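S.K.: Input: one structure, supplied below.
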Amino acid sequence: MKRDRLKKENLLKTFGTLSMVILVWLLISNDLKSYPWLKTLILGLLGVIGIIYFYNSYKRDKEEELGLATEDELSRLLKYKSGYYAYTWSMYVWFCIFIFKDYFPNIETMIGGGILLSALLSFIAKVLVRIQLNEK
142 MKRDRLKKEN LLKTFGTLSM VILVWLLISN DLKSYPWLKT LILGLLGVIG
192 IIYFYNSYKR DKEEELGLAT EDELSRLLKY KSGYYAYTWS MYVWFCIFIF
242 KDYFPNIETM IGGGILLSAL LSFIAKVLVR IQLNEK
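Here it is in structure tokens:
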């Protein structure tokens, strides 16, 4: 019964997030007409993030069905360590962005690029720490 409730909550969160992304996309789509490649890049990143989320959710459900624990000490350590690395690298990225701020066409591009790069660094840190801890 608890598992069914968790699945419903995950489904609700997924559709809520997807609807918010679509709403934000509709609100900013008029501003991106001068940068069509940026629109494609953002859509591609959202698609990749969605695929990764659904894959991780599917993997977690399969592990629950097999009776494995969803959280353990190693996964908690992985989260903390990768979060530390991502935060540290992001600070360096933002420092470089502010040093080279004259090379960006506008402030929105600078901030958006920094946010997307921080998210990418977070994913890279998680992968590298997972490889370092020999967890697949």
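When the letters of the sequence shown are read in order and numbered with the working numbering, they come out as residues 142 to 277.
Glycine residues also receive a C-beta, built at the ideal position from the N, C-alpha and C atoms.
These numbers were taken from a predicted model, which means no experiment stands behind them.
Please report how far the alpha carbon of P246 lies from the alpha carbon of I265, in whole angstroms.
M.R.: Those two C-alpha atoms are separated by around 27 angstroms.
S.K.: Tell whether a beta-carbon distance below 9 angstroms holds between L159 and G191.
M.R.: Yes, the Cβ-Cβ distance between L159 and G191 is below 9 angstroms.
S.K.: Can you find the residues in the same chain that come closer than 8 angstroms, C-beta to C-beta, to L219, ignoring five residues on each side of it along the sequence?
M.R.: Correct list, in chain order: K267, V270, R271, L274, E276.
S.K.: Can you tell me which of the three DSSP states L209 falls into?
M.R.: In this structure, L209 counts as coil in the three-state DSSP scheme.
S.K.: Just verifying my parser: in three-state terms, what is the DSSP assignment at L258?
M.R.: Helix, per DSSP.
S.K.: Would L113 be called buried (16 or more neighbouring beta carbons within 10 Å of its own) or exposed?
M.R.: This structure cannot settle anything about residue 113, because the visible part of the chain is limited to 142 through 277.
S.K.: To the nearest angstrom, report how far apart G255 and Y194 are at their CA atoms.
M.R.: About 22 angstroms.
S.K.: Report the rounded CA-to-CA distance for A210 versus F236, giving the unit in angstroms.
M.R.: A210 and F236: Cα-Cα distance of roughly 40 angstroms.
S.K.: What are the boundary residues of the alpha helix (DSSP H) that L274 is part of?
M.R.: No alpha helix (DSSP H) holds L274; DSSP gives it neither H nor E.
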